Amino acid sequence: GEDVEQSLFLSVREGDSSVINCTYTDSSSTYLYWYKQEPGAGLQLLTYIFSNMDMKQDQRLTVLLNKKDKHLSLRIADTQTGDSAIYFCAEKGTNAGKSTFGDGTTLTVKP
Amino acid sequence: GAVVSQHPSWVICKSGTSVKIECRSLDFQATTMFWYRQFPKQSLMLMATSNEGSKATYEQGVEKDKFLINHASLTLSTLTVTSAHPEDSSFYICSGGTVSYEQYFGPGTRLTVT
């Protein structure tokens, strides 16, 4: 079945850039997503990219997609303490529209 | 943006009782609704997918008689945990999907079974 993998932890200093990486296996993925989850809360959709794009920028967020290598990354510029959270990568194929999630990357931002 | 609400946000129940969780899409019509379960510090596990007016499709290993899902309208889906046990304690999250395959998540419901 589909599989999505992420590194579990990332720690950066406030003001630095953060890069969270994700790999997936489903070559038929149509949408790839990044979600943010703060403690005790649900998931917040940060951004998504369609599979025929290779880059999408939205304010401090830049998503890069290498479809050949099935690699997705999320770059957060000027990382702030409020960015500390768990970030989930997810992919959606053509199977009933459901998404497969990675295990999440815990981002810790140190002042 | 599209908003999904869940009610209740937090519930404690006694072992053996049933609990109903509601998921509503407030400003869009969710043609498909998904129910996920999340254990502490773990990823989301898809439990079932439901389309309005039809029976839910359950993922392998999820007991359909224990986790009853009803998707009565394009804006409401419910998950009922029947005869709850402590091992059912978890964070349950729903999401609503649109025809464009966007997916919007509710804030989650924390269930504690004592």
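Chains as they are written, first to last, in our numbering: chain A, 1 to 111; chain B, 112 to 225.
Cβ atoms here follow ideal geometry from the backbone N, Cα and C, with glycine treated the same way.
Keep in mind it's a predicted model, so treat the numbers as computed, not measured.
query                                                                                                                                                 : result
Going by beta-carbon coordinates alone, are residue 196 of chain B and residue 173 of chain B separated by less than 8 Å?                             : no
Tell me which same chain residues have a C-beta within less than 8 Å of the C-beta of residue 175 of chain B, skipping the five on either side of it? : 159, 167, 169
For residue 170 of chain A, which residues in chain B fall below 7 Å Cβ to Cβ?                                                                        : In the structure as shown, chain A starts at 1 and stops at 111, and residue 170 of chain A therefore has no counterpart that could be examined.
Going by C-alpha distance, which of B:217, B:180, B:124, B:198 is nearest residue 205 of chain B?                                                     : B:217
For residue 123 of chain B, return the contacting residues in chain A, with the cut-off set at a CB-CB distance below 8 Å.                            : Those do not exist, as residue 123 of chain B stays about 15 Å from chain A at its closest Cβ, beyond 8 Å.
Candidates A:3, A:5, A:45: which alpha carbon is nearest residue 58 of chain A's?                                                                     : A:45
Give the residues from the segment 145 to 157 of chain B that approach chain A closer than 9 Å (Cβ to any Cβ), ordered along the chain.               : 145, 147, 149, 152, 153, 154, 155, 156, 157
Nearest to residue 3 of chain A by CA position, among A:109, A:41, A:92, is which residue?                                                            : A:92
Consult DSSP for residue 78 of chain A and reduce its assignment to one of helix, strand or coil.                                                     : coil
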